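Only one structure is covered here, and it is reproduced in the block below.
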Amino acid sequence: MAGIFHRLFKAGESEAHALVDKLEDPIKMSEQAVRDLRKDLQESLKSLAEVKSLAIRMTKDADDAKRLAADYERKAMLLLQKGQSGDVDSGEAERLAMEALTRKEEVAIRAGQATEQAQSQQQMVATLQSNVNDLKSKVASYENDLVMLKARAKTANATRKINQRLANVDSKGTVAMLERMKEKVAEEEALGQAYGEMADAGGSIDNEIDKALGSGGSSAASDSLAEMKAKMGIS
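Pasting the structure below:
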C-alpha cells in the first residue's frame, strides 16, 4: 500500500488524481471484476469440456474391455464345443480355451479398472458442471448489478449537477433584481397614469369652453335662419 501512494506522489498531481479516481471508481472496478469472471467462466467451460471428453473416452474404453472379455469367454466356450465334437483336437481345444479364459480375466480386470476411473471422472464432471452453472449464475447476476450500478451512477451524477447548479444560483441577487424591476414598472405605471389624468383634465377645460361657446353659437344660427326665411318669404 505504501508503494502505491509513493508512486502516486511521484507521478505528479494530475496523474495522481487520475490514478486515485481510477482506483476508487466503483464502476470501473466492477467492470473489470465482471470481465475477470467472464474469463474465468470461459476457462472453466474449456476445462469442463476436456474433463467430459476424458470421461467419455474412459467410459468407451471400459465398455470395449467388457465386450472383449465377453468375446474371449464366448471363444473359450466354442473351442470346448469343437473339441468335444471332434472338429478340433480336444487337447488343443482345451489349451486354446485356457488361453482365451486367461485373456478374458486380464481384460475383465482392465475393464473393472476402466469402469472405476470412468465413474470417478463422471463424478468430477458433475462437480465441475455444478461449479460452472454457479459461475454462470454469478456472472449473469453481476452483469445485471453492473447495469443497475451504471444507471444509478448516471442518475446520481445528473442529480448532483442539477443540485450544484441550484446551489450556485444567487437567489438573493435574483430577488433584488426582481424587486428593482417591480419598482421600475410601478414607477412607469404611475407616470403613465399621471399623464392620463393630466390629459383628461385638459380635455375637461376644453369641453367647458366649447359648451359655453356652443350655446351662443346656437342662438346666432337661429337668427340667421329667421333672416333667411324672411328674405324668401317663408313664414
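Here the sequence shown stands for residues 47 to 281, where the numbers follow our numbering. We put the CB at the ideal spot given by N, CA and C, even for glycine. Being a predicted model, the structure only gives us computed values, none of them experimental.
* Other residues of its chain near T105: CB distance less than 6 Å, five sequence neighbours each side excluded -> A164
* To do: Please report the residue range of the alpha helix (DSSP H) in which D133 lies.
  => Taken as a continuous stretch (DSSP letters only), D133 belongs to no alpha helix (DSSP H), as it is neither H nor E.
* Cutoff 8 Å; reference I73; Cβ partners in own chain excluding five residues on either side -> L192, L195, K196 and A199
* Asked: Can you give the Cα-Cα distance for D86 and A213, rounded to whole angstroms?
  -> 47 Å
* Rounded to whole angstroms, how far is the Cβ of A143 from the Cβ of L126, which I believe are closer than 8 Å? -> 5 Å
* Pairing CB atoms from the stretch 126-137 with CB atoms from the stretch 146-166, are three or more of them under 8 Å? -> no
* To do: With DSSP as the reference, label G158 as helix, strand or coil.
  => helix
* Asked: Do Q167 and L114 have their CB atoms nearer than 7 Å?
  -> no
* Are the CB atoms of L26 and V185 nearer to each other than 7 Å? -> In the structure as shown, the chain begins at 47 and stops at 281. Residue 26 is therefore absent and cannot be evaluated.
* **Q159 versus D107, T148 and E273, residue with shortest Cα-Cα distance** => D107
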